[in-house]
Amino acid sequence: MFSALLTFFVLGLFALVSMVVVLALVGAAFGLALSLAGFLLFKVVPVILVGYLLVRFLAPRQKRLSAADREWLES
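Residue numbers are given in this note's numbering: position 13 of the sequence shown equals residue 14, and the series is strictly consecutive.
What follows is the structure in structure tokens.
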């Protein structure tokens, strides 16, 4: 009887510790993913957007491709 209770306690303790480890790993992965997404969204994307807009609107008109040039490049 005592050995059965001790076995049940050890298995429960093992299950609890393993569950804590798994949840810690999932939380760390989730936090890393969110921090990476926040960095990309608030640091990288605005710089890329400003660069794209500057190149798009400040490029000389003669350097932009005409429709015929674009069609020739795509073929």
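Idealized CB from N, CA, C, for every residue including glycine.
Asked, Found
"Where the alpha helix (DSSP H) through L74 begins and ends", "68-75"
"A60 - DSSP class collapsed to helix/strand/coil", "coil"
"Limits of the unbroken alpha helix (DSSP H) element including L6", "3-40"
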